[in-house]
Amino acid sequence: MANVSGIPASLERAGSRISVAGRLVSRYGLVVVLAWIGAGKYVKMESRVLIEHSPLLSWIYDFLSYGTVANLLGSMEIIAAALIAVHRLWPRVSAIGSALAVVLFLGTLSFLFTTPGVIDTFADGFPVLSAQPGQFLLKDLVLIGVALWTLGDSLEAARRAHAAGSTPCSSGRVYQDE
1 MANVSGIPAS
11 LERAGSRISV
21 AGRLVSRYGL
31 VVVLAWIGAG
41 KYVKMESRVL
51 IEHSPLLSWI
61 YDFLSYGTVA
71 NLLGSMEIIA
81 AALIAVHRLW
91 PRVSAIGSAL
101 AVVLFLGTLS
111 FLFTTPGVID
121 TFADGFPVLS
131 AQPGQFLLKD
141 LVLIGVALWT
151 LGDSLEAARR
161 AHAAGSTPCS
171 SGRVYQDE
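Numbering (the UniProt record's numbering), first residue to last: 1 to 178.
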């Protein structure tokens, strides 16, 4: 039986399931990426060169050591990951984690414009990004999009829970997106 748009119902159901899977992979993939990169800051200070060249953030080294800055950034990334992960239980808390992730990714994206070596070469006038740091930084454009989506989704889940007069975990209700 076809619907109005001519797409069979089985394809619509498959599309819905794929969308749910995509949302889950997006949210918890973001959690894994943030936690992993955050943990890496404790053993490797890859952010030093990026921050040193940033007119927005380089001042921080006047007050804190390289290791302390790396540990603070790593901690913020791990905290954001943990907060995003609790979406099903506490969507408002998850929204805070998503907002923190957006701020972190905005900072990282600013390095695209301040870090030497982002553009490796030009091909027919088109700037080609270096693998490090250019392509490494560019991935944050997608990550900030996912963080913005998780922020909006968490705020919407919190609104639905508030409108229902309960929290998602106390109502026992599983939202359509998970």
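Glycine residues also receive a C-beta, built at the ideal position from the N, C-alpha and C atoms. Here the structure is a predicted model, which is why all the values come from computation and not from measurement.
Minimum C-alpha distance to residue i - residue among the options
i	options	result
Thr-108	Leu-57, Ser-154, Ala-39	Leu-57
Ile-79	Leu-151, Leu-112, Ala-101, Val-20	Ala-101
Ser-110	Leu-148, Ile-84, Ser-54	Ser-54
Ser-26	Trp-149, Ala-157, Leu-155, Ala-158	Trp-149
His-87	Arg-17, Glu-156, Gly-15, Ala-14	Glu-156
Ala-35	Ser-130, Leu-83, Trp-59, Tyr-66	Leu-83
Thr-114	Arg-17, Gly-67, Arg-48	Arg-48
Leu-151	Leu-112, Ala-81, Phe-122, Met-45	Ala-81
Phe-105	Ala-21, Ile-144, Tyr-28, Thr-68	Ile-144
Val-103	Gly-40, Leu-141, Ile-7, Ala-21	Leu-141
Phe-136	Asp-124, Ile-119, Ala-14	Ile-119
Buried or exposed by the 16-neighbour rule on C-beta atoms within 10 Å, applied to residue i
i	result
Ser-171	Reliability fails at Ser-171, whose pLDDT of 42 lies under 50, so the model's placement of it is uncertain and no value is given.
Glu-77	buried
Pro-133	buried
Phe-126	exposed
Asp-153	buried
Glu-12	exposed
Ser-19	exposed
Ser-16	exposed
Gly-97	buried
Ala-158	buried
Ile-51	buried
Ile-37	buried
In DSSP terms, what residue i is bridged to
i	result
Leu-129	Ile-119
Pro-55	Its beta-bridge partners do not exist; DSSP assigns none.
Pro-91	Beta-bridge pairing links Pro-91 to no other residue.
Proximal residues to residue i (C-beta, below 8 Å), its chain only, five neighbours per side dropped
i	result
Tyr-42	Ala-70, Asn-71, Gly-74
Leu-138	Leu-112, Leu-129
Tyr-28	Ala-85
Leu-64	Leu-72
Ile-60	Ile-51, Val-69
Neighbourhood of residue i by C-beta distance below 7 Å, restricted to the same chain and skipping five residues each side
i	result
Met-1	Bear in mind that the predicted position of Met-1 carries a pLDDT of just 49, short of 50, making it unreliable; the figure below should be weighed with that in mind. Excluding residues within five positions, the ones whose Cβ falls inside 7 Å are Ala-9.
Val-146	Ser-26, Leu-30
Ala-99	Leu-151
Gly-117	Ser-130, Pro-133
Contacts around residue i, its chain only, beta-carbon distance under 6 Å, and the 5 residues preceding and following it disregarded
i	result
Ala-85	Val-31
Thr-121	Val-128
Met-45	Tyr-66, Ala-70
Just checking, does the stretch 73-92 make contact with the stretch 148-164 on the three C-beta pairs under 8 Å criterion?
yes
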